[in-house]
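*Asks:*
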Amino acid sequence: MDVPWLLVAHGSVTALVVVSFLCGQWPIFEGTFVQSINHFLTSGAYRHFLRLVQAACGTGARDLVLGVEQYCCDRPNPILQVLYVAIIGGTYFIIVQSSFKYIPGYYVSVLHRYLSIVVVSIGAILFVLTSFSDPGTVTSENVSQYVSAYPFDNIIYVEKECSTCRITRPARAKHCRICNRCVARFDHHCGWMNNCIGEKNTRYFVAFLFWHFLLCLYGAIILGFIVAGELKDKKVVYILTVYYGIDNSFSGLFPHVAQWLLAVHNTQILLVVFLGIIALLLGGFCAYHVHLCLSNTTTNETFKWQDYIFWMKKENAAKASAYTLKASINAASSEAQKSPPSKWKTFFSRSKTRAEELVVKNNIYDVGWIRNLCEVMAQVHRMWMLNGKDDATRAIWGNFYGGKSMKGAVSLLCRGKASDFPDNKVDSGHSETNPIAQAAPRQTCQGAHPLDSSRDDNDDKSHGDPNAGKESSGKNLYHDDGDYMLQQHAHDVV
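Residue numbers (UniProt numbering): 1 to 494.
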């Protein structure tokens, strides 16, 4: 088999494994071999490994492996942080050793010797900021501020107590079972940072992703220019066409040029492929989190809305089944003409669409993409608006979130007074000019909330007490009573 086809096969297998691992659980891949590969990579292979260890070494060895798994996956540890430092440091060291001797080159300036140090250092600084900054820990001292800053929407967030921290859990907060703390505006726990991503460090995390995407892209491009410069300096194409009589076409030159590159610059080629794949993954992950920032939602909330929409669709399916059963009974007991079912099919089809639209309609935290970015990236969150040190601060951010023009806010900031905004009234998150407070529904749900004991309660269990977190006002999401209450609530919302 020719070398180019080996490269194509290697790239195809690598792409299949990466896509299956990252995207195998997407609905579009349900029932396909991609989902099967994802299941094998994420759980199947590990289960087979445990069985092999138990068969070969006994139960004690299996328990040892499970203990290592618990430490690596369920406890704060620096393993992935060390791995990150090793990957970045090792890759940069290999680039310096193998490629800096070609700088300056035909296409690459000597400036890149020093620029590379700067860009890698900035990436390391962002890594430290994300890893060791406070994500927004909710404590008994600041819980009232967070409760005021983020109103409950009574759909995916209802007022309840964290069974581990024994404090009111603010809306958008979640108890991280790994860090064993409640985090405001919780997005996810990042093992690479050994830290939660929350209200106060989301901006660092997004900046980290974006910068490392640019860093990998920059490295791949510079290495590509180095290789292209070597092709130019060594006159490889000229020699192949003039001295060896190779046809001066892409199909004729490509196999020979590829063989020369793999023989002389194999390190640079492997680095380009590696950095290109990492840049692609980081770019997609960064784009996803930028989308979350623009819509003012989080990864955790995305999962919650998916659960909510799933149960609303389940209710619609139950209604459709009930109607079909009733229609069948009526047809059997009387000669009355049955109503055409096609209209009901259309009706329930619309209901599913409406259920999906709830993600947009009921996201009361979305105040427009500009203000969403200010809240996430510039740390202009609602608590500043509610608890400003002076009237000017409260007036500026109160009107900013209320939709007033920034011209008046800037003018007020320059003069240092709040008289330009006489209609601004801020008190504990219920300002008349605050759309966030206005949008929060005031109704109370009877019984268990449909998502009350879904994801959050599972993460409220403390590390030392296996029974912690079992006390909850809500019923289990998967119990029949919980299903009934969900259907009642979803019906009221729709």
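Ideal Cβ placement from N, Cα and C applies to all residues, glycine included.
Report the rounded CA-to-CA distance for K234 versus Q54, giving the unit in angstroms.
*Replies:* Within the sequence shown, the letter at position 234 stands for residue 234. Within the sequence shown, the letter at position 54 stands for residue 54. The alpha-carbon atoms of K234 and Q54 are separated by roughly 58 Å.
*Asks:* Looking at the unbroken alpha helix (DSSP H) that takes in K232, where does it start and where does it end?
*Replies:* As a first step, residue 232 is located in the sequence shown; it is residue number 232 there, counting from the start. Run containing K232: 202-233, per the alpha helix (DSSP H) assignment.
*Asks:* Mind checking K101: buried by the 16 CB within 10 Å criterion, or exposed?
*Replies:* In the sequence shown, counting from the first residue as 1, residue 101 sits at position 101. The residue in question, K101, is exposed, as its Cβ has fewer than 16 Cβ neighbours within 10 Å.
*Asks:* Pop quiz: G283 and I95 are said to be a contact at Cβ under 8 Å. What is the actual Cβ separation, rounded to whole angstroms?
*Replies:* For the purposes of this step, residue 283 is identified with residue 283 of the sequence shown, where counting begins at 1. For the purposes of this step, residue 95 is identified with residue 95 of the sequence shown, where counting begins at 1. Rounded, the Cβ-Cβ distance is 20 Å, inconsistent with contact.
*Asks:* Can you check DSSP and say which residues form a bridge with V138?
*Replies:* Within the sequence shown, numbered from 1, the residue matching residue 138 stands at position 138. Residue pairing of V138 in beta bridges, as defined by DSSP: C182.
*Asks:* Could you check if C73 is buried or exposed, using at least 16 other CB atoms within 10 Å of its CB as the buried criterion?
*Replies:* Stepping through the sequence shown from its first residue, residue 73 is reached at position 73. Exposed, by the Cβ-count rule.
*Asks:* Among T168, I246, S163, I125, which has the Cα closest to the Cα of L209?
*Replies:* Numbered from 1 along the sequence shown, position 209 holds the residue referred to as residue 209. It is I125 whose Cα lies nearest to the Cα of L209.
*Asks:* Just to confirm my understanding: we take L52, look at its own chain, exclude 5 residues before and 5 after, and list those with CB closer than 6 Å. What are they?
*Replies:* Position 52 of the sequence shown, counting from 1, holds the residue named residue 52. Excluding sequence neighbours, L52 sits near nothing in its chain.
*Asks:* Tell me the DSSP secondary structure of H188 in three-state form.
*Replies:* Along the sequence shown, one-based indexing puts residue 188 at 188. In the structure shown, H188 sits in a strand (DSSP, three-state: E or B).
*Asks:* Which of helix, strand or coil does DSSP assign to N434?
*Replies:* Translated into positions along the sequence shown, residue 434 becomes position 434. At N434, the pLDDT of 42 sits below 50, so the modelled position is not reliable; the number obtained from the coordinates is stated separately. Here N434 sits in coil by DSSP.
*Asks:* Report yes or no: is there a C-beta of chain B within less than 8 Å of the C-beta of M312?
*Replies:* Protein chain content of the structure displayed is limited to a single chain, and chain B is not contained in it.
*Asks:* So what does DSSP say about H175, is it helix, strand or coil?
*Replies:* On the sequence shown, position 175 is the one that residue 175 refers to. Strand at H175.
*Asks:* Cutting at 7 Å between CB atoms, please list the residues of its own chain near P170, excluding the five before and the five after it.
*Replies:* To locate residue 170, count along the sequence shown from 1; it is residue 170. Around P170: V138, V143, Y146, V147, Y150, A184.
*Asks:* If H265 and V227 are in contact, beta carbons under 8 Å, what's the gap, nearest whole angstrom?
*Replies:* In the sequence shown, counting from the first residue as 1, residue 265 sits at position 265. In the sequence shown, counting from the first residue as 1, residue 227 sits at position 227. Right, the Cβ-Cβ distance comes to about 5 Å (below 8 Å), so this counts as a contact.
*Asks:* I need the DSSP call for C196, collapsed to helix, strand or coil.
*Replies:* Locating residue 196 in the sequence shown gives position 196, where the first residue counts as 1. If DSSP states are grouped into helix, strand and coil, C196 belongs with the strands.
*Asks:* So is S328 buried or exposed if we call it buried at 16+ other beta carbons inside 10 Å?
*Replies:* The count along the sequence shown starts at 1 and reaches residue 328 at position 328. Flag for S328 reads exposed.
*Asks:* Pair every Cβ in the region 279-294 with every Cβ in the region 241-251, then say whether three or more of these pairs are closer than 8 Å.
*Replies:* no
*Asks:* Determine the contact status of S295 and N362, defining contact as a CB-CB distance below 8 Å.
*Replies:* Residue 295 sits at position 295 when you count from the first residue of the sequence shown. Residue 362 sits at position 362 when you count from the first residue of the sequence shown. Against a cut-off of 8 Å, the Cβ pair of N362 and S295 comes out as no contact.
*Asks:* State the Cα-Cα distance for the pair P441 and A207, rounded to the nearest angstrom.
*Replies:* Mapped onto the sequence shown, residue 441 falls at position 441. Mapped onto the sequence shown, residue 207 falls at position 207. The predicted position of P441 is uncertain, since its pLDDT is 43 and thus under 50; a value taken from the coordinates is nonetheless stated next. The straight-line gap from Cα to Cα measures roughly 34 Å.
*Asks:* Less than 8 Å between the C-beta atoms of T299 and D153, yes or no?
*Replies:* Position 299 of the sequence shown, counted from the start, is the residue given in the question as residue 299. Position 153 of the sequence shown, counted from the start, is the residue given in the question as residue 153. No, the pair does not count as a contact, with Cβ atoms beyond the cut-off.
*Asks:* On a Cα-Cα basis, can you pick out the residue from V8, N38, E375 that is closest to E199?
*Replies:* Reading the sequence shown from its first residue, position 199 is the one you call residue 199. Looking at the Cα atoms, E375 is the closest of the given residues.
*Asks:* Would you call the CB atoms of C182 and C165 closer than 8 Å?
*Replies:* Position 182 of the sequence shown, counted from the first residue, corresponds to residue 182. Position 165 of the sequence shown, counted from the first residue, corresponds to residue 165. Closer than 8 Å, so yes.
*Asks:* Kindly indicate which three-state DSSP category H10 falls into: helix, strand or coil?
*Replies:* Start at 1 with the first residue of the sequence shown, and residue 10 comes out as number 10. Reduced to three states, the DSSP call for H10 is helix.
*Asks:* What do you reckon, are the CB atoms on W211 and I122 nearer than 8 Å?
*Replies:* For this step, residue 211 is matched to residue 211 along the sequence shown. For this step, residue 122 is matched to residue 122 along the sequence shown. Yes, Cβ-Cβ distance for W211 and I122 is below 8 Å.
*Asks:* At the level of alpha carbons, what is the spacing between W192 and V119?
*Replies:* As a working note, residue 192 is residue 192 in the sequence shown. As a working note, residue 119 is residue 119 in the sequence shown. Their backbone Cα atoms lie some 20 Å apart in a straight line.
*Asks:* For the alpha helix (DSSP H) holding E375, just list the boundary residues, first then last.
*Replies:* Numbered from 1 along the sequence shown, position 375 holds the residue referred to as residue 375. It spans 369-377 - the alpha helix (DSSP H) in which E375 sits, taken as one unbroken run.
*Asks:* Compare the C-alpha of L271 against each of G224, Q35, F21, I246 and name the closest.
*Replies:* Here residue 271 is taken as the residue at index 271 of the sequence shown, counted from 1. Answer by Cα proximity: G224.
*Asks:* Do N201 and S133 count as a contact pair if the criterion is CB distance below 8 Å?
*Replies:* Taking the sequence shown and counting its residues from 1, the one referred to as residue 133 is at position 133. Taking the sequence shown and counting its residues from 1, the one referred to as residue 201 is at position 201. Going by C-beta atoms, S133 is nearer than 8 Å to N201.
*Asks:* In this structure, how does DSSP classify E301 when only helix, strand and coil are distinguished?
*Replies:* Here the question's residue 301 lines up with position 301 in the sequence shown. Residue state, collapsed to three classes: helix.
*Asks:* Can you name the residues that DSSP bridges to R51?
*Replies:* Start at 1 with the first residue of the sequence shown, and residue 51 comes out as number 51. None, per the DSSP bridge assignment.
*Asks:* With 16 other CB atoms within 10 Å as the buried threshold, where does R113 fall?
*Replies:* As a position in the sequence shown, residue 113 is number 113, starting the count at 1. Flag for R113 reads exposed.
*Asks:* Which whole-angstrom value describes the C-beta separation of L50 and S20, a residue pair presumed to lie in contact below a C-beta threshold of 8 Å?
*Replies:* As a working mapping, residue 50 is identified with position 50 in the sequence shown. As a working mapping, residue 20 is identified with position 20 in the sequence shown. Not confirmed; about 22 Å, so no contact.
*Asks:* E315 by DSSP, collapsed to three states: which one?
*Replies:* For the purposes of this step, residue 315 is taken as residue 315 along the sequence shown, with counting starting at 1. Here E315 sits in helix by DSSP.
*Asks:* Just verifying my parser: in three-state terms, what is the DSSP assignment at T164?
*Replies:* Sequence index remark: in the sequence shown, residue 164 carries index 164 (1-based). In the three-state reduction of the DSSP assignment, T164 falls in the coil class.
*Asks:* Mapping the DSSP letters down to three states, classify R62 as helix, strand or coil.
*Replies:* Counted from its first residue, the sequence shown places residue 62 at position 62. The answer is helix: DSSP assigns R62 an H, G or I state.
*Asks:* Taking all protein chains shown into account, decide if Y46 is buried (16 or more other Cβ within 10 angstroms of its Cβ) or exposed.
*Replies:* If you number the sequence shown from 1, residue 46 lands on position 46. By the neighbour-count rule (16 or more Cβ atoms within 10 Å), Y46 is not buried but exposed.
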